[in-house]
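Undergrad: Questions regarding the structure given below will be posed in turn.
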Amino acid sequence: MTPQTTYRNQYRAFAFDVPETRLDFDIRDGETVVRSELTVVRRQSDGEALVLNGDDLDLRHIALDGVPLEGNEYSLDDQSLTIFDVPDRCRVELTVAIQPEDNTALEGLYKSRTLFCTQCEPEGFRHITFYPDRPDVLSRFTTTITADAAQYPVLLANGNRIASADVDEAGRHTATWHDPFPKPAYLFALVAGDLAVLEDEFVTQSGRTVALRIYSEPHNIGQCDFPMAVLKRAMRWDEERFGREYDLDVFMIVAVEDFNFGAMENKGLNIFNTSAILAHRDTATDERFQRVEGVVAHEYFHNWSGNRVTCRDWFQLSLKEGFTVYRDQEFSADMNSAVLKRIEDVEILRDSQFVEDAGPLAHPVRPDSYVEISNFYTNTVYEKGAEVVRMIATLLGRERFRAGCDAYFERHDGAAVTIEDFVQAMEDTSGIDLARFRRWYEQSGTPLLTVAEARGGDTLELVIRQSCQPTPGQDHKQPFPIPLALGLLSDGQDALGDAGAANGFDVVCDANAEVENPNADGTLVVGVEEADTIVTLRNTPADAEVSLLRGFSAPVKVDYPREPAALCRLALTDTDLFGRWDAAQTLFGKAILDTDGGSAEQQALDLASALAEAALDAPDDGEAKALIAACLDLPGENQIQEQAPGTDILAICDARNGLAERIGDVADWLALAEANMTGPFQATLPDMARRRLKRQALYYAMKHLDRTNPDRARDLLTSMLAESDNLTDRAAALRGLVGLESLSTQERDTHLDVFYRQWSSEALVVDQWFSVQARNSLPGGLDRVQALEAHEAFNLRNPNKVRALIYAFALHNPRNFHDGDAGYRWLRQRIVDLDAINPQVAARLARALVVWRRHDAARGATMRTSLQWLQEQDLSTDTREVIDKALA
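Here the sequence shown stands for residues 50 to 937, numbered as in this note's numbering.
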């Protein structure tokens, strides 16, 4: 069947309301029978038939108000059930049979190991029973689950449990759950299994006691203490920052090993991938601890931004996801270091979202059409969507933004709404006209700011020109309104705004745009709204340096020619700490691309040396040392190639590695690493910062020792691997060992085998083990990955394993993946293999080939050949949409 395109402008409200939904699941080995009873109320008396979505369902019974229907009273096809002559109000009764054990796509109800669970967003509920599977149909659900009590002692669904009982002598039992809040079908959840539970409670701001429960398989329950503490912090933070209180009597989380996403915000019953919820020093790195913190908060925050107020249609996906990503980013910033969180978020944008915006899959934050909605769970919708919300918050200020959020929640509680409703609430409460700002939701692509600087006497002029390259379906763009945060530095001090005045400067800023000093500090925000903006700074000191795009105030690229020495000074002295990191990244990027005839490299080496010296005296405040480590981390190959499309990716890999080796020679990195050793593991910010700086210093130390004293390099890493009391350090040691060019293959394999035998019972640690090998840039990477595909621990049906091995190699090992065409031919076959198992996973993997136009002509042509081969295969709608767009 030819895939159908869905268009935003063709939206029609569903012809019926479904105020009540009753579901009865009879779970047995090999088959689950689902009985549903829908209360259906016609919205308009126009005689329209009732059309229910359904996919791969065995219809056993259908009745209206208790009367079975004859064959001529309804029709059934591959995707829907249509019931004719439906009265204005009736009760629809359906019985279907499904086979969750055979559901490898992990949509709807499926079995993960010994556990039954669901994933219904975006359109998984239609794999469970016939239903109006769309986000604008909200219903109150009552769910009964019956299963074997020995195999499935825990039976969970949305809402509050209202009944439970043993039902027969065969050892079966039942539980009934009722959710009093109307919700769309995508928020439905069910879990049945043998689960352990960690319990706690939370007292809301109004004095209600909420039971908190995190469920996992028994062997994982010891890894749930950290996420429980995070959950309680998130609940309190959402009350204080956004005024949002939890509404049910219980909040539950279940950890599942087979899951397509990181987690799912089902009302009152969140389901999590184990990789996003389990956290223990032996099984999670510091980065994983922070990811768990962010994801737990994100899914909880959805209770209001997504559940209580949901989307009218899937084109509005960023309404809930962009807003909630912004909320979880703010939470993590408040719980940790705001600048480090900002750096982390910008790295994701530059590594992934900017690449997406520059390629054939570019789309607006609010798309206009789709073939398969699962393909639009993208960095654009999530991360860029969050940046759009952040800009609104910047324009309004914290108080007015909070008022806008309050109005949005109060107006639309219990409704399915649009992005326009969100923006309207912001306009109404602030009095600010956001008509032009809506372009951020409507236009795809990343704006480029080209900055020309001119100085004369004590006057500094910036001519800022914005542009945006054509993207699919959008050849011409209107100027984006861009809040451009701007600073001016003199001798390490702010010279603009209130801070500049306090420092004794009298710099005057004129512009053909609105200029504000919203935080009464050294940062001005220039409202860049036209194609050309001129900013004139008068009374500027002779040594003044411009600090541009402070805090990454807008998701834009900047082309601002600077001398390497100026970038080095900014990286060491900018009062905007994000600006320090950004200047360091820009300088290192210039050095890797060698665009300045070698001067950038010398400045990059000087910067690295200065940062190493500064690190020795940096305070243990949980931020300073981690910031230095972040500044020392070289930009990735994808980011570098994005700056210089058409550059040979292998040349970039070699240049980046060469710079790392030369940085390894400019400081005593080993002494810095030893100065940041930690005692017994603690998941505190100061300890995490020390471990991060230690790892970065060891990386450069090993670049030096691998060439000058390989025995010492091997001994140091071997000792670290054996003696570390946490996975952060163990993984760093293992990664360092297998990356030593001086280590023999036999030694490398021995270390890997010992590590695997020690941790083979911990699935997440095994994922790390796979990933370390998949990302290893030493020659022979494809051969190693192909051998690992046959390993006893690898399972193509488990998304985490696929991400750890196949994704990691194709997306994070450019040196090996792009070495000849063997990697492309291997990947295209894996895409076909995965497409038959799990189309969503296959479609995401196909994105590794989509960027073929960014590469040099010869390599791009080879990648395109593999895409053309894929286009000829029998693929799912999910994967075919990606391939077709890549070749368009």
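Glycine included, every Cβ here is placed at the ideal spot set by N, Cα and C.
Taking a contact to mean a Cβ-Cβ separation below 8 Å, would you say LEU537 touches VAL575 in this structure?
TA: Not closer than 8 Å, so no.
Undergrad: Using only the alpha-carbon positions, how far apart do PHE133 and ASP832 sit?
TA: Whole-angstrom Cα-Cα distance: 59 Å.
Undergrad: Determine, using beta carbons only, whether TRP718 and ALA762 come nearer to each other than 8 Å.
TA: In this structure, ALA762 does not lie closer than 8 Å to TRP718 by Cβ.
Undergrad: What three-state label does DSSP hand ASP697 in the structure shown?
TA: Coil.
Undergrad: Along the chain, where does the alpha helix (DSSP H) containing ARG210 start, and where does it finish?
TA: From DSSP, ARG210 is part of no alpha helix (DSSP H) but of the beta strand (DSSP E) over 209–215.
Undergrad: Just to confirm the assignment, what range does the beta strand (DSSP E) spanning ARG504 have?
TA: That run of the beta strand (DSSP E) goes 497–505.
Undergrad: Quick one: is GLU790 near chain B, going by C-beta distance under 8 Å?
TA: You won't find chain B in this structure, because it holds only one protein chain.
Undergrad: Give the range of the beta strand (DSSP E) segment to which GLU811 is assigned.
TA: Per DSSP, GLU811 belongs to no beta strand (DSSP E) and is neither H nor E.
Undergrad: Return the chain-ordered ranges of every alpha helix (DSSP H) run that is complete within the segment 739–772 and spans a minimum of 4 residues.
TA: The qualifying runs are 759–772.
Undergrad: Would the segment 445–460 and the segment 383–402 be scored as touching if the rule is three or more Cβ pairs under 8 Å?
TA: No: the two stretches stay apart, fewer than three of their Cβ pairs being nearer than 8 Å.
Undergrad: With a CB to CB cut of under 7 Å and the five nearest residues on each side skipped, what residues in its chain are close to ILE80?
TA: Before going further, note that residue 80 is Glu rather than Ile in the sequence given. Excluding positions up to five away in sequence, the list reads ALA146, GLN148.
Undergrad: Within the continuous alpha helix (DSSP H) that includes ASN687, where are the two ends?
TA: Segment 686–692, the alpha helix (DSSP H) holding ASN687.
Undergrad: I think HIS176 touches ASP105, with their Cβ atoms under 8 Å apart; what is that distance to the nearest whole Å?
TA: Sure, about 6 Å apart at Cβ, within 8 Å.
Undergrad: Tell me which same chain residues have a C-beta within less than 7 Å of the C-beta of ILE422, skipping the five on either side of it?
TA: So the list reads PRO171, GLU172, TRP363, once near-sequence residues are dropped.
Undergrad: Per DSSP, what are the beta-bridge partners of TRP226 in this structure?
TA: The partner list for TRP226 (beta bridge, DSSP) reads THR192, ARG210.
Undergrad: Can you list, in chain order, the residues of its chain with a C-beta nearer than 7 Å to that of VAL607? Leave out the 5 residues immediately preceding and following it.
TA: Correct list, in chain order: LEU498, VAL500, LEU597, LEU598.
Undergrad: Buried or exposed, going by whether 16 or more other CB atoms sit within 10 Å of the CB of ASP307?
TA: Buried: at least 16 other Cβ atoms inside 10 Å.
Undergrad: Can you grab the Cα-Cα spacing for the pair HIS861 / CYS702, in whole Å?
TA: HIS861 and CYS702: Cα-Cα distance of roughly 11 Å.
Undergrad: Let me know the beta strand (DSSP E) ranges lying completely inside the segment 313–393, each 3 residues or longer, listed in chain order.
TA: Complete beta strand (DSSP E) runs here, min 3: 318–322, 358–360.
Undergrad: Can you name the start and end residues of the alpha helix (DSSP H) that TYR490 belongs to?
TA: First-last of the alpha helix (DSSP H) with TYR490: 488–491.
Undergrad: What would DSSP say about MET726, mapped onto helix, strand or coil?
TA: In the structure shown, MET726 sits in coil (DSSP, three-state: anything other than H, G, I, E or B).
Undergrad: By DSSP, does ARG138 sit in helix, in strand, or in coil?
TA: DSSP places ARG138 in strand when its eight states are reduced to three.
Undergrad: Whole angstroms are fine: how far does the CA of PHE174 sit from the CA of GLN168?
TA: Whole-angstrom Cα-Cα distance: 8 Å.
Undergrad: With DSSP as the reference, label ARG71 as helix, strand or coil.
TA: Residue state, collapsed to three classes: strand.
Undergrad: Skipping 5 residues on each side, what residues in its chain have a beta carbon closer than 7 Å to that of ALA464?
TA: Answer for ALA464: VAL358, listed in chain order.
Undergrad: Taking the beta strand (DSSP E) that ASN102 falls in, what are its first and last residues?
TA: That run of the beta strand (DSSP E) goes 99–102.
Undergrad: Is the beta carbon of CYS273 sitting closer than 8 Å to the one on LEU247?
TA: Result yes, Cβ atoms of CYS273 and LEU247 sit closer than 8 Å.
Undergrad: Look up PRO848 in the DSSP assignment and say whether it is helix, strand or coil.
TA: Residue state, collapsed to three classes: helix.
Undergrad: Verify whether the separation of the beta carbon atoms of ILE689 and ARG711 is less than 8 Å.
TA: Against a cut-off of 8 Å, the Cβ pair of ARG711 and ILE689 comes out as no contact.
Undergrad: Which complete alpha helix (DSSP H) runs does the segment 594–639 hold, if anything under 4 residues is left out?
TA: As far as the segment 594–639 is concerned, its whole alpha helix (DSSP H) runs of at least 4 residues are 613–622.
Undergrad: When you compare only the Cα positions, how much space is there between ASP623 and GLN692?
TA: Approximately 23 Å, taken between the alpha carbons.
Undergrad: To the nearest angstrom, how far is the alpha carbon of THR589 from that of MET313?
TA: Between THR589 and MET313, the C-alpha separation is close to 52 Å.
Undergrad: Would you call ALA907 buried or exposed, if buried means 16 or more other Cβ atoms sit within 10 Å of its Cβ?
TA: When all chains shown are included, ALA907 counts as exposed.
Undergrad: Return the first residue and the last residue of the alpha helix (DSSP H) that SER479 is part of.
TA: Run containing SER479: 468–479, per the alpha helix (DSSP H) assignment.
Undergrad: Which two residues bound the contiguous alpha helix (DSSP H) that contains ILE880?
TA: Here the alpha helix (DSSP H) through ILE880 covers 871–884.
Undergrad: Taking the C-alpha atoms as reference points, what is the distance between ARG376 and VAL430?
TA: Roughly 15 Å between the two C-alpha positions.
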